[in-house]
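Chains A and B, in that order, are what the protein sequence lines are. The first sequence maps to residues 1 to 212 in the working numbering. The second sequence maps to residues 213 to 795 in the working numbering. Below: one structure, written as structure tokens.
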Amino acid sequence: MSTENTIEHKIGKADLDGKQEYTITVYAENRIGLLNRIAIIFSKRKINIESLNSSASEIDGIHRFNIVITESYEVVRKLARQIEKQIEVLKVYFNTNEEIIWQELALYKVSTDEIAEKVTVERLLRQYGASAVVIRKDYTVFAVTGHREETDALVKALEPYELIEFVRSARVAIIKDSAGFHEKLKEFEAFEPGEELVENEFLDKGEKIFTM
Amino acid sequence: METAQDTIQQAEAKAETSKTLFKGTGSQVLLNGLIEEGVTTIFGYPGGAIMPIYDALYDYADKLEHILVRHEQGGIHAAQGFARASGKVGVCFATSGPGATNLVTGLADAQIDSTPLVCITGQVFAHLLGTDAFQETDVINITTPVTKWNYQVTDAKEIPEVLAKAFYIAKSGRPGPVLIDITKNAQLQVEEFPEYVKCNHIRSYRPKPKVRVEYIEQAAELINSAKKPFILFGQGVILGSAEQEFKAFIEKSGIPAAWTIMGDGAIPTSHPLNVGMLGMHGNYGPNVLTNECDVLIAIGMRFDDRVTGRLDKYAKQAKVVHLDIDPAEIDKNVKAEVGIWGDCKETLPLLTNLVNENKHEDWLARFRDYNQQEIDQVITPELYPQSDEMTMGEVLRNINEICGGDAVIVTDVGQHQMVACRYAKFNNTRSNITSGGLGTMGFGLPAAIGAKYGAPDKTVIAIIGDGGFQMTPQELGTIMQFGAAVKILILNNRFLGMVRQWQQLFHDKRYSFVNITSPDFVALAKAYYIEADKVDERTNLRKALETMINHEGSYLLEVMVGRENNVFPMVPQGMSVSEIRLK
């Protein structure tokens, strides 16, 4: 099932302060201490990181961070620049929810007896797109992949049935408009900066992808 | 005829020899690398975890001059002073634990003032990391927010490459401090090292971009259509060695230019287009007219809050052109109509080519009018006081008259700093060394020591308040031992003057803990075998200053100035630059 078919993308609505959810994508060298260097850029400004994921990227040796925060465009833009300024960071993008495809994974541990007695497993699986990862006599572990609201909904649904443990992963996101990093990396590896590298929003306002 | 096979064999043989040019310890290869990078002077302090490096240093005395400071904070401030005066990368050594944590203030100062430094700290053996070993601190994490880059070396094989990267990062792009933490085992480790190769490219780091001409064109168009253009320049002009390019730009365009305290000296004080100092204690005209200009051209400056005052009432009428090498600075505090990301050494000549020759006579006259008001109400009374009490300004006037603007002036932080920046005359760039962004009291004395090593042919005068001097007086010991001919001028008002001024103006004169007493500074200097004198009457001032400046070696002069003098003009905190007060 593709995400596009099952999930209706909500248009990110800015609140009164102009704050909305942004997903920051950071391409960086895989180096000890870099995560701290990036994290303190947020904590220095007393900004809470809602979700942070660190993983491999499409390119061997290059790391990709996904960071989710709720802030105004101006604040996020400045944060992105400060992150990109770090020596080992190659590139930073930031996107609103409508510009990305994202998923979170949640795991739920529930008493098998409760489930078997009070609610049919099949109904849960179907209704929430959950899959049973482990079924034991004493407990069952379900997994749901989706957006926050969806994984939250199942928490609610399971509350009456003794939810023993719940955990949710950080958001992972793909930028709809991104062509990936392979071509970009060639420019970074080139000795002289190319034209592409110096594109920035002063000239390229309206670019869908933030670059600078 | 050579066969291809021969050529390959030769190449391999050559590679083989160059690969194993040096066999030695990590410490030795570190010192070799410093020499390769052109380092001549190191400020440092030994200790347990950096002993192997100091042991190696013993054999390098002919190539590397090591100045033993009296405190690591003094060491790093000296390295800063050296870097600022010379334009080279400052280097300092410290041991692990307290040695390293004592560097933190200097790192923060260098970070905010973009000073290129490479700091080497010793660290406990790699196998002890994380065990709370003796003198172990998590130096990398402690210094992360205050370094441009830092790295922990646990294997000697990494040292040459990491050192090369450190120098490249410290001095390229927007300069800044770099710290390398080297575990003791890596310092001792014996390896065969390849030839030292300087770094000139890191794929994830782009110190400067290829300049986009479109922005230059847009900026030139704005500037050419401006009736009241105004230039603000900062240390970027000095760091980019673009003083000549900057001068050519202002002279062709005829635009008045004002400086941040970090940019002071980039063009001579006497230049007819130099209209003075920006910010809280800057000049009247530049502050007021910021809110009247139509195009504001900011060059290598970052719109610090001490420059802008209240931001939502700052230059709202103006279209802003911002030239900076750090893209994170453009649009950070003040929105730019045109942002030019690049090295001003490259961007300024391009802009100069496109701007029209102009004079802006009427507009310049406005600056002169405001200047005359400031001269009448503030400057003349400060430089030629009528009362018996001496002012800091008249001391500076005398220094200007004696040195003619050729001295390097290093200041500490506070009232004397503002007075020195306002009134000191500079003919040359890299002559004003001050802690601008961080405002570090205690910076002056050690930074002046470093500046003397960085500019040995210059007269270096450290102007310091009675409060600031008492933060790092131990560096008199460094002067005593190594003989840096620094002229130390203590302007003693027996108060923590700047805080007292604020308490007077904004806290109903509730003088809370600003009444500071001092030791006998003359006796203190003499205890360190440094010549010293004290002046408390105007009649002796000129001669005492001449004696200090003409003295062969280091010299300390204490001048007793008025207790409750204030620095004016002043833009009170939270007020707009156009609300600047003359009294």
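Every residue, glycine too, gets a C-beta built ideally from N, C-alpha and C. Nothing here was measured: the structure is a model prediction, and the numbers come from that model.
Tyr-27, Ala-28, Glu-29, Arg-31, Ile-32, Gly-33, Asn-36 and Arg-37: these are the residues of the region 20-38 of chain A whose beta carbon lies less than 9 angstroms from some beta carbon of chain B, given in chain order.
Under the 10 Å beta carbon count, Thr-355(B) is surrounded by 16 or more other beta carbons and is classified as buried. Look at Lys-699(B) here: in three-state DSSP terms it is strand.
Per DSSP, the continuous alpha helix (DSSP H) segment holding His-628(B) begins and ends at 627-635. Under the Cβ criterion of 8 angstroms, Glu-189(A) is counted among the residues facing chain B. A direct Cα-Cα distance of roughly 17 angstroms separates Leu-608(B) from Val-698(B). Of all residues in the region 67-88 of chain A, those with a C-beta nearer than 7 angstroms to a C-beta of chain B are Lys-78, Arg-81, Gln-82, Lys-85, Ile-87 and Glu-88, reading in chain order.
Pairing Tyr-496(B) with Thr-481(B), the inter-Cα distance amounts to about 16 angstroms. By the 16-neighbour rule on beta-carbons within 10 angstroms, Tyr-741(B) is exposed.
Only those residues of the region 88-103 of chain A whose C-beta falls short of 8 angstroms from the nearest C-beta of chain B are listed: Glu-88, Val-89 and Leu-90. If you look at Cys-411(B), you'll find it isn't in any alpha helix (DSSP H); DSSP assigns it neither H nor E.
Listed by position along chain B, the residues whose Cβ is nearer than 9 angstroms to that of Ile-47(A) form an empty set, because the closest Cβ is around 15 angstroms away. Distances from the alpha-carbon of Gly-385(B) to those of Met-653(B), Gly-774(B), Thr-684(B) and Asp-538(B) put Asp-538(B) closest.
In summary, His-534(B) is buried, with 16 or more beta-carbon neighbours lying within 10 Å of its beta-carbon over all protein chains present. According to the DSSP secondary-structure assignment, Asn-362(B) is paired through a beta bridge with Leu-391(B).
Under a criterion of Cβ atoms nearer than 7 angstroms, the residues of chain A adjacent to Tyr-417(B) are, in order, Ile-87. Taking a cut-off of 8 angstroms on C-beta distances, the region 433-440 of chain B does not touch the region 265-283 of chain B, as fewer than three cross pairs fall below it.
According to the DSSP secondary-structure assignment, Leu-52(A) is paired through a beta bridge with Ile-67(A). Judged by DSSP in its simplified three-state form, Phe-94(A) adopts strand. Across the region 379-413 of chain B, CB contacts with chain A closer than 7 angstroms involve Ile-381 and His-413, in sequence order along the chain. Our two residues, Leu-185(A) and Thr-307(B), have alpha carbons roughly 39 angstroms apart in a direct line.
A buried status is given to Asp-476(B), since no fewer than 16 other beta-carbon atoms sit within 10 Å of its beta-carbon. Comparing C-alpha distances from Gly-256(B) to each of Arg-722(B), Met-760(B), Ile-700(B) and Glu-687(B) shows the shortest one belongs to Glu-687(B). For Arg-126(A), the uninterrupted alpha helix (DSSP H) run begins and ends at 121-128, by DSSP. Measuring C-alpha to C-alpha distances from Asp-624(B) to each of Gly-666(B), Gln-682(B) and Cys-615(B) identifies Gln-682(B) as the nearest.
The beta carbon of Lys-118(A) sits no closer than 8 angstroms to any beta carbon of chain B. Residue pairing for Arg-609(B): DSSP places it in no beta bridge. Put simply, the CB of Asp-538(B) is near chain A, with a gap under 8 angstroms to one of its CB atoms.
As the crow flies, the alpha-carbon of Gln-629(B) is around 18 angstroms from that of Gln-715(B). Residue pairing by DSSP puts Tyr-108(A) in a beta bridge opposite Phe-142(A) and Phe-166(A). Residue nearest to Gly-765(B) within the set Ile-700(B), Leu-523(B) and Thr-646(B) is Ile-700(B) (criterion: CA-CA distance).
Using a Cβ-Cβ distance cut-off of 8 angstroms, the region 388-396 of chain B and the region 518-525 of chain B are not in contact, since fewer than three pairs of beta carbons, one from each stretch, lie closer than that value.
Interface criterion not met: the Cβ of Ile-511(B) is under 8 angstroms from no Cβ in chain A. Unbroken beta strand (DSSP E) stretches of 3 residues or longer found wholly inside the region 457-499 of chain B: 469-471 and 486-489, given in chain order.
DSSP lists no beta-bridge partner residue for Asp-271(B).
For Pro-357(B), the closest Cβ of chain A is nearer than 8 angstroms.
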